Amino acid sequence: MRKAKLVLMFLLLLVVSVMVACGNDETAGSGDDTDVTPVEDLEVEMDGPIKINSDIPEGSEIFSEGPNGEEAVSAHTIELTEEEVAEIREGDYTAAISMHYAGNDWSRAQIDGLESTFAKMGIEVLAITDAQFSVEKQTSDLETLLSRQPDILVSIPVDPVSTASAYQRIADSGVNIVFMDNVPDGFVHGEDYVSVVSADNYGNGVAAAHAMAEELGGEGQIGVIYHDADFFVTAQRVEAFETTIENEYPDIEIVDRAGIAAPEDGESVASSMFTRTSDLDGLFVVWDVPAEGAMAAARTAGLDDLVITTIDLGSGVAIDMAADQNLKGIGAQLPYDQGVSEAILAGYALLGKEAPSYVAVPALSVTKDNLLESWKLVYNEEAPEEIQSYFD
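Numbering (mature numbering (1 follows the signal peptide of the UniProt record, and there is no 0)) for the sequence shown: -21 to -1, 1 to 371.
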């Protein structure tokens, strides 16, 4: 009898060990070369409807149009009622997130907004992938995520043409797709995807132009660093900046333009521009990460008085602004709110509720005077101590 009990205990331990091992293998991801970040379950109590709660006035003008010329619907106008959220929570739905690049504050805030809102909706986020601006990697990421059979995919394409076939396979499988900023080539709203959500990138370009003009007193020579890629939202920013300068500030001349292929190109491209055109008064950079490189190039070149404006309130440009260095104005997106909006629209699809084709979050103009308040609006949290210390 004693021997039989020992054998039974051994068998039970063996079964438990196998179950633990299987669970660990599942958590590790797909087992291929694609980096898939597992997501811990979040338990959030639901209380009231889900909607944008930022303090930007709901009637704020939105300048941007959608990728196909659609009129923007304000993110302030979409919401899920408490009853709708309760219905979604009954469904045991899952979601996946495929980012073009996850290595900046904008991406992290957007993911935070998605995760927190999906948690309120009872939707499990299976995995988050980072394509690192590689079409090949994003294609592989999407194949891996499709194998997980999510009900929802929220994603931003690295390239709208080269990734279109990979997204089409997902759409054809019945997954509800909500896009950030851009839509794959040939996709039809209501058939292939639920909606696309963006910041008011045109409005942010306008804000960066006005900040530049104010700092320069309405006159001077400036350069522009643009994104040399087929990327709808970054093209909107540059178009808005240049059009505003040309139409409203005739004494400011754009004398040099140069493109970046990747975020890390900012310093080298700016350095080359400073060599070609040594008497620049200002420089617009298409977003904050390459702007950090341009700031480094300006310091190396001894251009302490160069005025730089950009799009996106990242920590690097925020510190430079707080320290009264080159960065003087930012047209800021609200990525946390954008993530909330994308999750709401995914909920529309699950409910069979009609979703607008293009939703935009209003632009936010940031200077040192409103930097701390703006940080809280953008990231839904207080500014880090390294930024606050400049205001003590």
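The beta-carbon is built from N, C-alpha and C at its ideal position, and this holds for glycine as well. In this text the structure is predicted, and so the values were computed from the model without any measurement.
Report all residues from its chain with a CB closer than 7 Å to the CB of residue i; omit the five preceding and five following residues, and keep chain order.
{"i": "L313", "result": "S33, A178, V340, L343, L356 and V357"}
{"i": "F112", "result": "H79, Y80, V137 and A241"}
{"i": "V248", "result": "I204, A237 and I239"}
{"i": "residue 393", "result": "There is no way to answer for residue 393, as the model of the chain reaches only from -21 to 371."}
What residue from the options has the CA that sits closest to residue i's CA?
{"i": "L195", "options": "H79, T288 and A88", "result": "T288"}
{"i": "T118", "options": "S134, P129, D130 and L105", "result": "S134"}
{"i": "L329", "options": "I201, L262, E69 and K30", "result": "E69"}
{"i": "L132", "options": "I231, I102, A237 and S141", "result": "I102"}
{"i": "residue 383", "options": "V52, A143, T142 and D303", "result": "Here the chain has residues from -21 to 371 only, and residue 383 is not among them."}
{"i": "S86", "options": "L292, Y337 and Q367", "result": "L292"}
{"i": "T279", "options": "Y337, I41, S257 and G295", "result": "S257"}
{"i": "F169", "options": "K347, G331 and E227", "result": "Phe is not the amino acid found at residue 169; the sequence shown has Gly there. Measuring from the Cα of G169, the nearest candidate turns out to be G331."}
{"i": "K307", "options": "Q317, V264, M100 and D171", "result": "V264"}
{"i": "D71", "options": "L105, D164 and L324", "result": "L105"}
{"i": "T56", "options": "N47, S39 and P163", "result": "S39"}
{"i": "T73", "options": "S43, A276, A325 and T213", "result": "A325"}
{"i": "V345", "options": "Q317, P229, A186 and S294", "result": "A186"}
At the level of alpha carbons, what is the spacing between residue i and residue j?
{"i": "G45", "j": "V157", "result": "14 Å"}
{"i": "A270", "j": "M191", "result": "14 Å"}
{"i": "M300", "j": "M274", "result": "11 Å"}
{"i": "R(-20)", "j": "L121", "result": "For R(-20), the predicted model reports a pLDDT of 36, less than 50, meaning its position is unreliable; a value from the coordinates is still stated below. The alpha-carbon atoms of R(-20) and L121 are separated by roughly 55 Å."}
{"i": "D284", "j": "D260", "result": "7 Å"}
{"i": "G320", "j": "V176", "result": "With the sequence shown as reference, residue 320 is identified as Ser, and Gly is not the correct amino acid for it. Cα-Cα distance, rounded: 7 Å."}
{"i": "G202", "j": "Y80", "result": "26 Å"}
{"i": "G238", "j": "E246", "result": "12 Å"}
{"i": "F211", "j": "S152", "result": "26 Å"}
{"i": "S251", "j": "G281", "result": "14 Å"}
{"i": "E61", "j": "K30", "result": "11 Å"}
{"i": "T254", "j": "G82", "result": "30 Å"}
{"i": "D11", "j": "L124", "result": "At D11, the pLDDT of 40 sits below 50, so the modelled position is not reliable; the number obtained from the coordinates is stated separately. Cα to Cα, D11 sits roughly 12 Å from L124."}
{"i": "V173", "j": "A54", "result": "15 Å"}
Which whole-angstrom value describes the C-beta separation of residue i and residue j, a residue pair presumed to lie in contact below a C-beta threshold of 8 Å?
{"i": "A110", "j": "M159", "result": "Not really, about 12 Å apart at Cβ, beyond 8 Å."}
{"i": "I107", "j": "I76", "result": "4 Å"}
{"i": "Y228", "j": "A302", "result": "Contact flag wrong, Cβ pair sits at about 27 Å."}
Ordered along the chain, which non-local residues of its own chain (more than five positions away) have a Cβ less than 8 Å from that of residue i?
{"i": "A362", "result": "A297, L350, L351, W354 and K355"}
{"i": "D218", "result": "Here the sequence assigns Glu to residue 218, which means Asp is not the residue at that position. Within the same chain, E218 has close Cβ partners Y181 and G184."}
{"i": "D244", "result": "P269 and G272"}
{"i": "residue 373", "result": "With the chain represented from -21 up to 371, any question about residue 373 goes unanswered, as that position is not in the structure."}
{"i": "Y315", "result": "A88, Q89, D91, G92, V357, Y358 and N359"}
Excluding sequence positions up to five away, which residues of its chain have a Cβ less than 6 Å from the Cβ of residue i?
{"i": "A188", "result": "F220, T223 and I224"}
{"i": "Y327", "result": "A334"}
{"i": "D164", "result": "P139, V140 and A143"}
First and last residue of the beta strand (DSSP E) that includes residue i?
{"i": "T289", "result": "V286 to I290"}
{"i": "K307", "result": "L306 to A311"}
{"i": "L125", "result": "No beta strand (DSSP E) contains L125, which is instead part of the alpha helix (DSSP H) from V114 to S126."}
{"i": "A219", "result": "Not the beta strand (DSSP E): A219 falls in the alpha helix (DSSP H), residues F211 to E227."}
{"i": "N155", "result": "N155 to M159"}
{"i": "F263", "result": "G261 to V264"}
{"i": "Q200", "result": "G199 to H206"}
{"i": "I100", "result": "Residue identity differs from the one stated: residue 100 is Met in this sequence, not Ile. Segment: none, M100 is in no beta strand (DSSP E) and carries neither H nor E."}
{"i": "L343", "result": "L343 to V345"}
{"i": "E232", "result": "I231 to I239"}
Would you give the residue range spanned by the alpha helix (DSSP H) that residue i belongs to?
{"i": "V64", "result": "E61 to R68"}
{"i": "M274", "result": "D267 to T279"}
{"i": "T142", "result": "Looking at the DSSP string, T142 is not in any alpha helix (DSSP H), and its letter there is neither H nor E."}
{"i": "residue 409", "result": "Any answer about residue 409 is impossible in this case: the structure gives the chain only from -21 up to 371."}
Below 7 Å, is the gap between the Cβ of residue i and the nearest heavy atom of the ligand HEM?
{"i": "G331", "result": "Summarising the ligand content, the structure contains no ligands, and the ligand HEM is consequently not present."}
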